[in-house]
Amino acid sequence: MNYLPLLGIALVVLGFALRFNPLLVVAASAIATGLLAGIPFLKVLATLGHGFNENRYVSIIWIVLPVIGLLERYGLQERARTLIANMKRATAGRLLLVYLALRQVLSSLGLTSVMGHPQTVRPLLAPMAVAAAEKQHGELDDQTAERVKAMAAATDNVGLFFGEDIFIAIASILLIQGSLASFGIQLTPFQLSVWAIPTAICAFLIHGTRLLLLDRSLGKP
Amino acid sequence: MIDLHWLYVLAGAVFAGFAVGSARDTSNPKRLGNALFWSLVTASLWFGDFLGDLGNGVLVLALVAVAGAHLLGRGRSESTTAEERECKSDRYGNRLFLPALIIPLTAFVGTLAFNYTPLKGLGLIDPKAVTLVLLGAGVILAQAVCLVWLRPPASAPIEDGSRLMNGVGWAAILPQMLAALGTIFAVAGVGTTIGTMAGAIIPHGSIILAVLLYAFGMVAFTMIMGNAFAAFPVMAAAIGVPILIRADGGNPAVIGAVGMLAGFCGTLMTPMAANFNIVPAALLELKSQYAVIRAQVPTALVLLAANIAILYVAGFHL
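Set out below in C-alpha cells:
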C-alpha cells in the first residue's frame with residue numbers, strides 16, 4: 044500500500060490553514076498527489092485537465108448573474124427589504140424558517156435547483172432577512188448583519204441537503220443503491236429514501252430551533 | 087438533442103461578456119487581470135473539447151497562475167447609487183420580483199412537464215442535462231423580459247453581471263477545480279488507502295463503536311474530499327458492508343441512507359465543499375470566507391448526533 048499520496052491531503056489542509064489562494068493550493072495538491080503516486084508529471088497534468096474539462100457543468104450556474112445584477116440595478120434588493128418591512132409579524136428567524144421548510148419540501152420533490160445561492164439567497168432571502176432583523180432591532184452593525192446573511196446561506200444548504208435524499212431519483216440515493224449492489228445487497232431507491240425522512244425531520248427541528256433563537260440573540264449586545 | 091454542449095456555448099458567451107465588462111470597468115485597478123481570467127474560462131467552455139487533456143491541463147495552470155499571482159481585483163460594488171435604486175424600486179414596485187421568479191418557476195414547471203408528460207420520450211433534451219437546460223432556458227427568458235420591460239442601456243447586463251462576478255472572483259471556479267482534484271485523488275488511490283486504514287482500526291463486537299467509527303469516518307472523509315459522494319463508496323466498503331451489515335446484521339437501507347446523511351453533516355463544515363460554503367460567502371460579500379461554515383457547525387454537530395442515534399436504533403433495534 045502506497046501511503047505517500049495522502050500527503051496531498053495534508054497539503055490541502057496546510058494550504059487552507061495558511062490562507063494561500065485556494066486555487067493555488069488545490070492545483071499544487073493535485074500535482075503533488077499524482078507525483079507521489081508515481082504518475083509522471085505530464086500524465087498528472089493531463090488528468091487534471093481532463094477532470095477540469097469533464098466538470099465544466101459545475102460552473103454553468105454563473106449565467107444567472109447578468110439577470111440578477113440587472114434587477115439589482117433597478118432596486119430588487121430594496122424592494123425585497125420594503126416588502127418585509129411592511130409585514131408586521133415577520134422576523135429574520137421566522138422568515139428563514141419558512142424558507143427552510145419550503146426548500147426541504149421542494150428538494151424532496153426533486154426540485155433542487157428551484158432555489159439556490161445565486162438565484163434566491165443573494166437577491167431575495169439575505170436582504171429580506173436583514174430587513175426583518177432591522178425592523179425588530181434597529182440598524183444592525185456590520186458584524187450582526189454578516190451573521191444574519193451567513194445564516195441565510197446556511198439555511199439554504201441545510202434545506203437542500205436534508206430534503207433532496209427523500210426524492211428517489213436523486214444522485215446520492217442512486218449512488219448508495221449502486222455501491223451496495225456491488226456487494227450483492229439489492230435495495231430499491233424507495234427503501235433508501237424512506238430512511239432519509241427521520242433525518243430530514245431532525246434537521247428541520249434542530250436548524251429551525253436555532254433560527255428562532257437567532258431572533259432573541261440579535262437583540263442582545 | 088439539446089445537451090450540455092449547448093449550455094457550454096451559452097455559458098462561454100456569458101463569461102466572454104464578463105471578460106469584456108471587466109476590461110471596461112475603470113474603477114477596478116486590476117481590470118485586465120480579471121478580463122484575462124474570464125477569457126480563460128470562456129476558452130475552456132467553448133474550446134475545452136478540442137484542446138486535449140494536456141491542453142486543458144495547461145489552461146488550468148494558467149488560471150491558477152492568474153489567481154495565485156493576485157492579478158484579480160474588483161471595482162465599485164454598485165452600478166447605481168442607493169437613491170437611484172430606491173427611486174426605481176418604488177417606480178416598478180413588487181413587479182420587480184417577477185423576472186427574478188422566472189428562473190425558479192421555469193425550473194419548477196419544466197421539471198414537472200419533462201417528467202410527467204410525453205416530452206421525455208421526444209428526445210428533445212438530454213435527460214442527464216435537463217436541470218441545467220431548464221436553468222439556461224429560465225435565464226434567457228428572464229433576461230429577455232428584463233430587456234423588453236426595463237429597457238436598460240445596452241451595456242447594463244454585461245456591466246452588472248461582471249460587477250457581481252468580480253465580487254465572487256476566483257472562487258467561482260474553485261468548485262470545478264475541486265472536482266478535478268477528486269479525479270486525481272481517484273487515480274492516485276487515495277480513497278482505497280483511507281478505507282483500508284479505517285477498516286484496520288475497527289473494533290470487534292461493539293456495535294456502538296463500529297457505528298461511531300462509520301459515522302465519523304463519513305464526516306472526516308467528506309470534509310477532506312469536499313463531498314459525501316466520494317466518501318460513501320469507500321466507507322461502505324471498509325466498514326458499512328463488512329462490519330455493520332454482514333457481521334453485526336444491521337438494516338442495509340438504514341446503514342446506506344443515514345450513512346450518506348452523516349456525510350452531509352461533514353459537507354456543512356468544510357471549505358472543500360466550496361460551492362456550498364465558500365462561494366456563497368463571496369456572493370454575499372461577507373468579510374470572512376468561513377462565515378457560512380461557522381453558521382452551520384452547530385446544526386451539523388447536533389444533527390450528526392441525531393444521525394448516529396438513528397443509525398444505532400433504527401439500524402439494529404427496529
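Which chain is which? The protein sequence lines are A and B, in order.
Residue 179 in this note's numbering sits at position 136 of the first sequence, with consecutive numbering throughout.
Residue 291 in this note's numbering sits at position 205 of the second sequence, with consecutive numbering throughout.
All C-beta atoms, glycine included, are put in the ideal place defined by N, C-alpha and C.
Fair warning: this is a prediction, and the values are worked out from it, not measured in the lab.
Excluding sequence positions up to five before and after Ala-188 (chain A), its CB lies within less than 6 Å of the CB of Val-173, all in the same chain and listed in chain order.
Annotation: the continuous alpha helix (DSSP H) that includes Phe-123 (chain B) extends over 117-154.
Note that the C-beta distance between Ala-195 (chain A) and Gln-382 (chain B) is not below 7 Å.
Sorting B:Val-95, B:His-156, B:Val-144 by C-alpha distance to the C-alpha of Ile-103 (chain A) places B:Val-95 at the top. Residue range 185-207 is occupied by the alpha helix (DSSP H) that includes Val-191 (chain A). Taking a C-beta cut-off of 8 Å against chain A, the contacting residues of the region 304-324 of chain B are Ile-310, Ala-314, Phe-315, Phe-318, Pro-319, Ala-322, Ala-323, listed in chain order.
If you look at Trp-235 (chain B), you'll find it in the alpha helix (DSSP H) that goes 216-236.
Contact of Ala-193 (chain A) with chain B by beta-carbon distance below 8 Å involves Ala-367, Leu-370, Leu-372, Ala-377, Val-378, Arg-380, Ala-381. Fewer than three Cβ pairs drawn from the region 141-157 of chain B and the region 277-288 of chain B lie within less than 8 Å of each other, which leaves the two stretches out of contact. Annotated three-state conformation of Ile-127 (chain A) is helix, per DSSP. Only buried fits Asp-208 (chain A), as 16 or more other CB atoms lie within 10 angstroms of its CB.
Interface with chain B (7 Å Cβ-Cβ cutoff): Pro-109 (chain A) is included. At a Cβ-Cβ threshold of 7 Å, Leu-389 (chain B) and Val-297 (chain B) do not count as neighbours. In chain A, no part has a C-beta under 7 Å from the C-beta of Lys-116 (chain B); the shortest such distance is about 14 Å. With respect to the 7 Å criterion, Gly-98 (chain B) and Trp-124 (chain B) are not classified as neighbours on the basis of their beta carbons. Relative to the Cα of Val-237 (chain A), the nearest Cα in the group B:Glu-371, B:Asp-176, B:Val-340 belongs to B:Val-340.
Using a CB distance cut-off of 7 Å, Lys-174 (chain B) counts as an interface residue toward chain A. In the structure shown, Ile-88 (chain B) falls within a strand segment according to DSSP collapsed to helix, strand and coil.
In its chain, beyond the 5 residues on either side, no residue has a beta carbon closer than 7 Å to the beta carbon of Arg-177 (chain B). In terms of beta-carbon proximity, Leu-93 (chain B) lines the interface with chain A, with at least one pair separated by less than 7 Å. Using a CB distance cut-off of 7 Å, Pro-83 (chain A) does not count as an interface residue toward chain B. A distance below 6 Å between beta-carbons, with the five flanking residues on each side excluded, links Leu-167 (chain A) to the following residues of its chain, in chain order: Ala-123.
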